[in-house]
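For reference, the structure is listed below as C-alpha cells.
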Amino acid sequence: MERMMSVEDKIRRAEEIYYKRRNNEISAYNSTENAKNKKRNLKLVRKLVKQIITCLIIYMCFYVIINNNYVFSEDFSNKIKECLQQEVNFKGMYLIVKQKAEELYKQINKVTENSDGDIGGAEEPINENTNADNSNVPTDGNTSDNENEPTDGSTAENVSVPEQENSENQETKEVSQMEQDANHIKASINFIKPINGKISSGFGARNPTTASVPKNHTGTDIAAEKGTKILSATEGKVILASSTGDYGNHLIIQTNDITLVYAHCNKLYVKEGENVKQGQEIAEVGKTGNATGPHLHFEIRYQDRYVDPQLILEL
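So the sequence shown is residues 15 to 329, counted in the numbering used here.
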C-alpha cells in the first residue's frame with residue numbers, strides 16, 4: 015500500500031531536489047570557470063616567457079656592448095667623426111654626370127649620322143664629283159678673283175679637297191664593307207632564287223607612301239601571287255619559325271655565319287630546328303604582318319650586318 019506523505023515530507027523532498035539541482039548547476043559553472051582560468055593562465059605563462067626571453071636578449075646586447083672595447087675605442091670614434099665631417103660635393107657629382115651624359119649623347123648622334131650615311135650614301139659621290147668638276151671650270155664671275163689669288167695654288171681649293179677626300183674615303187669604306195660581305199657570301203655559299211617575281215622594293219633608303227612602312231629597307235621585296243611556293247635559297251637550319259611581329263609569318267634559316275629571312279609568308283612548311291635543303295619548299299607567299307600586298311621579303315645578314323641580296327644573286 016502506497017505510503018501517504020505528509021505535508022512536511024513533501025516540503026522536505028522538494029527542498030532536497032532543489033538543493034541537488036542547484037549543486038549540479040554550481041559544479042557545472044565551476045568547471046567552466048576552471049577551464050577558462052586554465053586558458054588565461056596558459057596565455058599569461060606564454061606572455062611571461064616571451065617577456066623573459068626579450069629581457070634576456072636585451073641584457074645580452076648590453077653585455078656585449080659594454081664588454082666590447084672596440085665600440086667605445088678612440089679608433090671607432092675617430093672613424094665616425096671622419097665620416098660625419100666628410101663633405102659630399104653634390105655639385106661636382108652633378109657636373110660629372112652631366113658631362114658623361116653629354117658625351118654619350120654625342121656618341122649616339124655620331125652613330126645615328128653614320129647609319130644615315132650608310133642609307134643615302136650612294137648618291138653623294140656623284141654630287142661631290144660634279145662639284146669638283148665645276149670648281150675646275152672658270153666662269154666670268156670668278157675670273158677676277160682668281161687673278162688676285164697667288165699663283166702657288168688656291169687656298170680655298172686646298173681646304174676643301176681634304177674634306178671631299180675624307181667623305182669619299184668614308185663612303186668608299188662603307189660601300190666596300192658591304193661588297194666584301196657580298197663577295198665572301200658568294201664565295202662560300204651557292205644561292206638560287208627563292209621565287210620568280212617582280213622586285214617591288216629594293217634594298218636601302220626609300221620613300222614609302224604608307225606611314226607604317228619603314229624608310230630604311232633591310233632586304234628586297236619580291237612581289238608574287240598569294241600562295242606561290244617559296245624555295246630555300248640555300249641549305250641550312252631553321253633557327254626561327256614565328257608568326258609574331260612586323261614580319262608576320264617568317265622563317266630565319268642559318269648557314270654558318272649567314273642568316274636568311276623569309277618574311278610575310280602565308281603559310282610555313284617547316285618548323286624550328288629542321289634542316290632544309292636547297293630548293294626545298296619552305297613556305298608560300300602571303301601578306302602577313304606589316305605588309306600592303308602579297309610579296310616575299312628576302313633578307314640576307316652576315317655577322318649581324320645587312321647585305322643587299324641583289325649584290326649576291328639576280329632576282
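For each residue, glycine too, the CB sits at the ideal point set by N, CA and C.
Keep in mind the model is a prediction, meaning the values are calculated, not measured.
(request) Can you tell me the Cβ-Cβ gap for residue 324 and residue 216, rounded? I've got them flagged as a contact below 8 Å. (result) As a working mapping, residue 324 is identified with position 310 in the sequence shown. As a working mapping, residue 216 is identified with position 202 in the sequence shown. Their Cβ separation, rounded to whole angstroms, is 7 Å, which keeps residue 324 and residue 216 in contact under 8 Å.
(request) Assign residue 117 to buried or exposed, taking buried as 16 or more other Cβ atoms, counted over all protein chains shown, within 10 Å of its Cβ. (result) Working through the sequence shown from its first residue, we reach residue 117 at position 103. With fewer than 16 Cβ atoms within 10 Å of its Cβ, residue 117 is classed as exposed.
(request) Have a look at residue 75 and residue 93 and give me their C-alpha separation to the nearest angstrom. (result) Taking the sequence shown and counting its residues from 1, the one referred to as residue 75 is at position 61. Taking the sequence shown and counting its residues from 1, the one referred to as residue 93 is at position 79. Answer to the nearest angstrom: the Cα atoms are 22 Å apart.
(message) Taking 8 Å as the limit between beta carbons, can you name the residues of its chain near residue 30, skipping five residues before and five after?
(response) On the sequence shown, residue 30 is found 16 positions in, with the first residue counted as 1. Around residue 30: no qualifying Cβ.
(message) For residue 315, count the other beta carbons within 10 Å of its own beta carbon; 16 or more makes it buried, fewer makes it exposed. Which is it?
(response) As a first step, residue 315 must be located in the sequence shown, where it is residue number 301. By the 10 Å Cβ count, residue 315 comes out buried.
(request) May I ask you to report which of helix, strand or coil DSSP gives residue 290? (result) Locating residue 290 in the sequence shown gives position 276, where the first residue counts as 1. Three-state DSSP puts residue 290 in a strand.
(message) Going by C-alpha to C-alpha distance, which of 197, 270, 114 and 254 sits closest to residue 282?
(response) Stepping through the sequence shown from its first residue, residue 282 is reached at position 268. The candidate whose alpha carbon is nearest that of residue 282 is 254.
(request) Can you give me the Cβ contacts of residue 195 inside the same chain, cut-off strictly under 8 Å, excluding the 5 residues immediately before and after it? (result) As a position in the sequence shown, residue 195 is number 181, starting the count at 1. The residues are 316, 317, 319 and 321.
(message) For residue 279, list the residues DSSP reports as bridge partners.
(response) Residue mapping note: residue 279 aligns to position 265 of the sequence shown, counting from 1. Paired residue(s): 263 and 299.
(message) Can you give me the C-alpha to C-alpha distance between residue 67 and residue 105, rounded to a whole angstrom?
(response) Numbered from 1 along the sequence shown, position 53 holds the residue referred to as residue 67. Numbered from 1 along the sequence shown, position 91 holds the residue referred to as residue 105. Their backbone Cα atoms lie some 50 Å apart in a straight line.
(request) Measuring alpha carbon to alpha carbon, tell me which of 271, 276 and 270 ends up nearest residue 264. (result) As a first step, residue 264 must be located in the sequence shown, where it is residue number 250. The shortest Cα separation from residue 264 among 271, 276 and 270 belongs to 276.
(message) Let me check understanding here. Comparing Cα to Cα, which of 60, 27, 280 and 246 lies closest to residue 206?
(response) To locate residue 206, count along the sequence shown from 1; it is residue 192. Looking at the Cα atoms, 246 is the closest of the given residues.
(request) Round the Cβ separation of residue 233 and residue 311 to the nearest angstrom and send it over; I've been treating them as touching at under 8 Å. (result) Along the sequence shown, read from residue 1 onward, the residue named residue 233 stands at position 219. Along the sequence shown, read from residue 1 onward, the residue named residue 311 stands at position 297. Between residue 311 and residue 233 the Cβ distance is about 5 Å, and since that is below 8 Å, they are a contact.
(message) Less than 9 Å between the C-beta atoms of residue 297 and residue 244, yes or no?
(response) Sequence index remark: in the sequence shown, residue 297 carries index 283 (1-based). Sequence index remark: in the sequence shown, residue 244 carries index 230 (1-based). Taking C-beta atoms as the reference points, residue 297 and residue 244 count as a pair closer than 9 Å.
(request) With residue 205 as the anchor, note down where its alpha helix (DSSP H) starts and where it stops. (result) Counted from its first residue, the sequence shown places residue 205 at position 191. It is not in any alpha helix (DSSP H) - residue 205 carries neither H nor E in the DSSP assignment.
(request) Keeping to the same chain, check which residues put their C-beta closer than 6 Å to that of residue 268; ignore five residues upstream and five downstream. (result) Here residue 268 refers to the residue found at position 254 when the sequence shown is read from its first residue. Correct list, in chain order: 250, 251 and 253.
(message) So, with DSSP's three-state summary, where would you put residue 160?
(response) Here residue 160 refers to the residue found at position 146 when the sequence shown is read from its first residue. Confidence in residue 160 is poor, its pLDDT being 42 and thus under 50, which makes the residue's placement unreliable; the coordinate value appears in the next sentence. Under the three-state reduction of DSSP, residue 160 is assigned to helix.
(request) On a CA-only basis, which of 72, 107 and 292 is nearest residue 274? Give me that one, please. (result) To locate residue 274, count along the sequence shown from 1; it is residue 260. The shortest C-alpha separation from residue 274 is found at 292.
(request) Would you kindly report the start and end of the unbroken alpha helix (DSSP H) that includes residue 312? (result) Taking the sequence shown and counting its residues from 1, the one referred to as residue 312 is at position 298. Careful: residue 312 lies outside any alpha helix (DSSP H), inside the beta strand (DSSP E) at 309-316.
(request) Given a cut-off of 9 Å, decide if residue 203 and residue 299 are closer than it, judged by their beta-carbon atoms. (result) The residue given as residue 299 occupies position 285 in the sequence shown. The residue given as residue 203 occupies position 189 in the sequence shown. No, the Cβ-Cβ distance between residue 299 and residue 203 is not below 9 Å.
(request) Go through its chain and collect everything with a Cβ distance to residue 280's Cβ below 8 Å, but skip five positions before and after it. (result) Residue mapping note: residue 280 aligns to position 266 of the sequence shown, counting from 1. Result list for residue 280: 240, 241, 263, 297, 298, 299, 300, 301, 302 and 308, in chain order.
(message) Need the endpoints of the alpha helix (DSSP H) that residue 251 sits in, please.
(response) Reading the sequence shown from its first residue, position 237 is the one you call residue 251. For residue 251, no alpha helix (DSSP H) segment is defined; the enclosing uninterrupted segment is the beta strand (DSSP E) at 250-256.
(request) Can you tell me which of the three DSSP states residue 212 falls into? (result) Within the sequence shown, residue 212 is the residue found at index 198, counting from 1. Strand, per DSSP.
(request) Evaluate residue 28 with the Cβ neighbour count: other Cβ atoms within 10 Å of its Cβ, from every protein chain shown; 16 or more gives buried, anything less gives exposed. (result) The residue you call residue 28 lines up with position 14 of the sequence shown. Classification of residue 28: exposed, given that the 10 Å Cβ count is below 16.
(message) So, with DSSP's three-state summary, where would you put residue 274?
(response) In the sequence shown, residue 274 corresponds to position 260, counting from 1. Correct three-state label for residue 274: strand.
(message) Please report the distance separating the alpha-carbon of residue 200 from that of residue 306.
(response) Numbered from its first residue, the sequence shown carries residue 200 at position 186. Numbered from its first residue, the sequence shown carries residue 306 at position 292. The C-alpha of residue 200 lies about 31 Å from the C-alpha of residue 306.
(message) Using the three-state DSSP reduction, which class does residue 242 fall into: helix, strand or coil?
(response) Stepping through the sequence shown from its first residue, residue 242 is reached at position 228. DSSP, reduced to helix, strand and coil, places residue 242 outside both helices and strands of the structure shown, so it counts as coil.
(request) For residue 111, name the three-state secondary structure that DSSP assigns. (result) Position 97 of the sequence shown, counted from the first residue, corresponds to residue 111. Residue state, collapsed to three classes: helix.
(request) Please report how far the alpha carbon of residue 120 lies from the alpha carbon of residue 111, in whole angstroms. (result) What you label residue 120 is simply residue 106 of the sequence shown in a count that begins at 1. What you label residue 111 is simply residue 97 of the sequence shown in a count that begins at 1. Residue 120 and residue 111: Cα-Cα distance of roughly 14 Å.
(request) Check the C-beta distance from residue 218 over to residue 198 and give it rounded, since I have them as a contact under 8 Å. (result) In the sequence shown, the residue the question calls residue 218 occupies position 204. In the sequence shown, the residue the question calls residue 198 occupies position 184. The Cβ separation is near 20 Å, so there is no contact.
(message) So for residue 221, helix, strand or coil by DSSP?
(response) On the sequence shown, residue 221 is found 207 positions in, with the first residue counted as 1. In this structure, DSSP gives residue 221 a state outside helix and strand, which the three-state scheme calls coil.
(request) Locate the beta strand (DSSP E) running through residue 21, then write down its first and last residues. (result) Here residue 21 corresponds to residue number 7 of the sequence shown, with the count starting at 1. In this chain, residue 21 is not harboured by any beta strand (DSSP E); it is covered by the alpha helix (DSSP H) spanning 21-81.
(request) Pull up the CB-CB distance for residue 235 and residue 304, whole angstroms please, since I reckon it's below 8 Å. (result) By 1-based counting over the sequence shown, the position of residue 235 is 221. By 1-based counting over the sequence shown, the position of residue 304 is 290. Not really, about 12 Å apart at Cβ, beyond 8 Å.
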